[in-house]
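Note sheet for the following structure.
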């Protein structure tokens, strides 16, 4: 850190998410600045670095992490590159904020988990940003205080306006439903034990080959049942809702709100265009919390274990989807480090 | 009444409201049927009578009331004709449901009031149908049970899609705001003591010569203040809202509800097209209650006194509107019959 | 019918529903009156008959139907008695409004179906009253006009405050979810082809032996998927919600509305205490429509086929529930009479 | 500014607002840090300075502004001290974010306005933070784009749970309604020309001597009418709502939203406890925008003119309140600097 205690961050990957995190760290939150950006596309790295004071461009994550001007790492590169970058960060014992997924499959996630255990202390926060959304935080708190009794069911809606033509059924699970997997585990403090996927006839708006929407069911080791509507081509905007049904009441988040108009067409309001608009403040809060904890030498938030568990549940989900049957989730025991 | 106790009703006036009440009495509610219809336009009266079993057409209200087949009278003729019809009904001692206004001004309303007092018992229910609307009934009950403490302010919105070109400023008060006058008196159980009208520059959608919208203030003898937005050409539909601000909380009715959609334009729902749709069930309930009470020989609901008070407040309102100043309401003391 | 065309109705069964229908026919709607009441408990029948003008008490449905004063039959007796009463009504060729279930199982429902086919014309309207609820009617109309595209998913919530101790898992399906079965068939105009039931660990508030709540899935022959939360002991009131997810948007009904308060505990409103309050107007509308159609010699509304189909789907549901697996629905082809 | 372009801020006044701004600048937003804090209470200044790296405590604002480590000033001291501090800042030509009120009366505000005009360029942003609230920004944008036509009425609700016993009628205007004055001017882009205050009998929960709630009316030079409910002791929380009624529709902000629960008491949600919770993000955005603009050498946001106008309208409001009549607002012509 600098003398003023400013955290110097290397941002690895300068695509949409990476570039947005560079802006966030430099222009929105306090206590950190970006001193290195990394991209395999060297021109792109240079272009981003050039727009920021005192920032060096790299094409190799390892080189950036070896720099004396780097205190921490934010990984926003494509998932397949995460494992190697994470292991390198462990070699430098650098704190990491790793965009989801931790890694693309549970085998590689397990290797990262074991490496962090060998390191002996937590270094990784995984980018499940919904945990930092105000409404999710309210729901979490309400469930935790126990007033509503034990959660029995969780109804989730995850709607997205449209997708690019190459979007696949597996991506529905791995890129989209993975958020509900993490929310389920975090809100209920239970592990997911089985996944079932039921599919209606696809929407005419879904690209060729994509079975959209789908209804995904989770069962948990605490005896809860979760249903998730994933609808990636709903057309009308981005909408994420959740209702926890508990023994003594239910609680719902994600209803539209804000500006309400009466016009010739009726009453109503806008729907967020995409996740960037909907979760803007959650991303800000996530990175600010990571910076704050890191400056204090602490690690909080979603852990490597949460990243591993999500990968394991995703694998069960993709199999359930492909085979049209209920699939049980296979996971190792939770290591003491993540107790 | 018939042997089965069916109330035989003469409906006087067969315009929009009258014809709708004929349908309501015959086809919707129980315990009554229309045996006479009256209209100065004899062809129209015959046409309506012809569509109903055992129903006679009249052009003279007095003749209908003299018929042995008439137990009760529903007055839906134009306001200026009400006084004479009401006095005739008193001569026959017939129970009356009189569409608002009781009469068009407070002097004539006072004559009706005095005639009913001479009769010695209540015979008239005035058609302030909002008192039979479910949401208004809930609000009334909530205020009456006292949980929220004393009402301090009442915010009212009264919006109408459009009006015919001959609509005038006085009609804004006499035909529209008169409902808020009655609701104020009924909800708060207080008399209105002064009226003030404030006008913005009229909407471009208001017909030539109509100053629309207007903001009308009432003060009451219980120390409450009421503000009413009357907007007769709001364009988007019919919307009536009220919020009572009390010492220990507020209560609001009239928000849109029912079917809610997410579509490309955002989220939202419909707004009622007009008062017929919005208050359909209130009208049904009003007439059913009148029939039920009448069959038991009782009179409930808004009284001649309420009709007189509304006329007196309207007069103050029209003067306040014309003179651009606060005008105090002039009323006689409440007679014991309406205690 | 009487000379005035009043429909004379025999109400069979004078429990909660039957007694409420007697009141409804006599005191709320128009065009009908109750001339006979039937109950195996003769004292009860006499007591109800005694409170109504010109009404005879019977203990035998057949005797009531043989009376010259009976034009139509409303069956509100327990389900196991329905088959015999329906067949007797067919013998008298009397129009029937039969409270759900048509009969308790698909075999008996099939016998009724075949008897009505032999009769050669529809005589039975089944009491699926949600089809007469304003919000459901709006949703139906919206889906029918096609603006939202094809329905893909239907999310249903069916919550009830509490149940009597003898309530069973089968009753969750047969008495409660049966409404969603009918709504699914009616809203989507598709048949249900398979049922799956998933159960969380029961709520502590569920009576011993009742697995409550449950999540019930339907698949339809039109390729839609429906999920139903049935929660009979939710504690907080009666709440029925549905959201249709279509290709071009979603539409939701059943959100709380009406009076909204701000008080020390926050903002909010009431939840209906039970189905009687929630669906009061649907019941009124249902019986009024039945009376109107019957007076015109017509039969509309949910048919014997709908009653049979519900019974068949219930059977699959109960089996799916008991066996913890997806069960396909077995039904005969739809007869031409119900085309 | 530092070499990295970090804005070094002196925060003057370390009460509730001042201390919160210190935290905001150091721990929440980017691009600035607090290098000086000033309080007449030297111990308090030292205590706040001690909790921050490289921060000096002062008791005299002039001394802080003379420091080479200060690039900009945030004034959060009591209103009566603002004039002198602002004039001193002008002497140093330092950019200022001045918490509202600019100064406590229009005469002193006019002196500040004239001093800034002599300086020849804008230096002051006034702390009307509602302009940075997301919902207000949406409403502003909607009105500005003109889709709804010209605004005719603006209904405002400003509710606060409770006040300290020394709260006065004048403070209702000067501390609370002043926000609606600024919002009216900003949303409508019109000046307020007259104020009227109407008072119901005070709530039993209002402290002795406070006439609470009150209804305050504004008229504008664009022909709009604004009504404001100010209720400082509403008991149930902090709630700010606004509805703009335009020629072609209305738009409302400030309805409760977020987490919605169904529990034994009904459905509903929480109400914000106070303005800090309700406007937290607006404050963050306000200060971030000020820092960003200041670093670019620019001045945006509410100007000295806006502070002067608010003071002039407040004076009319206090007089209208005291004298129970409509009072016209007296203001100088808008100087070219604020054109």
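Protein chains in written order, with UniProt numbering: chain A, 1 to 339; chain B, 1 to 339; chain C, 1 to 339; chain D, 1 to 339. Positions of the beta carbon are idealized from the N, C-alpha and C atoms, including for glycine.
- Contact check for residue 110(D) and residue 305(D): beta-carbon distance about 10 Å, past the 8 Å limit, so the pair fails to qualify.
- Below the 9 Å Cβ cutoff, chain B contributes 262, 267 as neighbours of residue 239(A), in chain order.
- Looking at the DSSP output, residue 180(B) bridges to nothing.
- For the region 165 to 224 of chain C, the continuous alpha helix (DSSP H) assignments of 4+ residues that do not extend past its boundaries occur at 178 to 188, in sequence order.
- In this structure, 156(C) is the residue among 156(C), 80(C), 257(C) with its C-alpha nearest to the C-alpha of residue 183(C).
- For residue 28(C), at least one C-beta of chain B is nearer than 8 Å to its own C-beta.
- Contact check for residue 177(B) against residue 230(B) passes: the beta carbons are separated by less than 8 Å.
- About 4 Å separates the beta carbon of residue 106(B) from that of residue 311(B), a gap short enough to meet the 8 Å contact definition.
- Between residue 15(C) and chain D, the shortest Cβ-Cβ separation is not below 8 Å.
- By DSSP's assignment, residue 229(A) forms a beta bridge with 157(A), 215(A).
- The C-beta of residue 130(A) comes no closer than 8 Å to any C-beta of chain D.
- At a beta-carbon threshold of 9 Å, the residues of chain B lying near residue 205(D) are 149, 247, 248, ordered along the chain.
- In this structure, residue 287(C) lies away from residue 92(C), with their beta-carbon atoms at least 8 Å apart.
- In the structure shown, residue 329(D) falls within a coil segment according to DSSP collapsed to helix, strand and coil.
- For residue 271(C), no chain B residue has a C-beta closer than 8 Å to its own C-beta; the minimum C-beta separation is roughly 13 Å.
- Flagged as an interface residue toward chain B: residue 253(C), by a C-beta distance shorter than 8 Å.
- If you look at residue 127(D), you'll find it isn't in any beta strand (DSSP E); DSSP assigns it neither H nor E.
- Judged by DSSP in its simplified three-state form, residue 270(B) adopts coil rather than helix or strand.
- Membership of residue 138(C) in any beta strand (DSSP E) is not indicated; the residue belongs instead to the alpha helix (DSSP H) covering 134 to 145.
- Nearest to residue 73(B) by C-alpha distance, out of 23(B), 7(B), 30(B), is 7(B).
- For residue 229(D), the C-beta contacts it makes with chain B under 8 Å involve 153, 155, 245, in order along the chain.
- Residue 265(B) and residue 258(D) have their C-alpha atoms roughly 21 Å apart.
- Annotated three-state conformation of residue 299(B) is coil, per DSSP.
- With a threshold of 16 other beta carbon atoms within 10 Å, residue 242(B) meets it and is buried.
- Under the three-pair Cβ rule at 8 Å, the region 9 to 21 of chain B counts as touching the region 65 to 84 of chain B.
- Per DSSP, residue 260(B) is one residue of the beta strand (DSSP E) stretching across 260 to 263.
- Contact between the region 185 to 203 of chain A and the region 277 to 284 of chain A is absent, with fewer than three C-beta pairs closer than 8 Å.
- According to DSSP, residue pairing for residue 37(B) in a beta bridge involves 11(B), 57(B).
- Neighbours of residue 224(D) in chain B, taken as residues at a C-beta separation under 8 Å, are given in chain order as 200, 201.
- Proximity of residue 257(B) to chain C, defined by a Cβ-Cβ separation below 8 Å, is satisfied.
- Annotation: the continuous alpha helix (DSSP H) that includes residue 110(D) extends over 106 to 119.
- Interface with chain D (8 Å Cβ-Cβ cutoff): residue 236(B) is included.
- The region 117 to 132 of chain D makes no contact with the region 169 to 176 of chain D, as fewer than three CB pairs between them are under 8 Å.
- The three-state secondary structure of residue 91(D), taken from DSSP, is helix.
- Segment contact: the region 203 to 218 of chain B against the region 158 to 170 of chain B, three or more CB-CB distances shorter than 8 Å; contact assigned.
- Straight-line measurement puts the Cα of residue 296(B) at about 27 Å from the Cα of residue 49(B).
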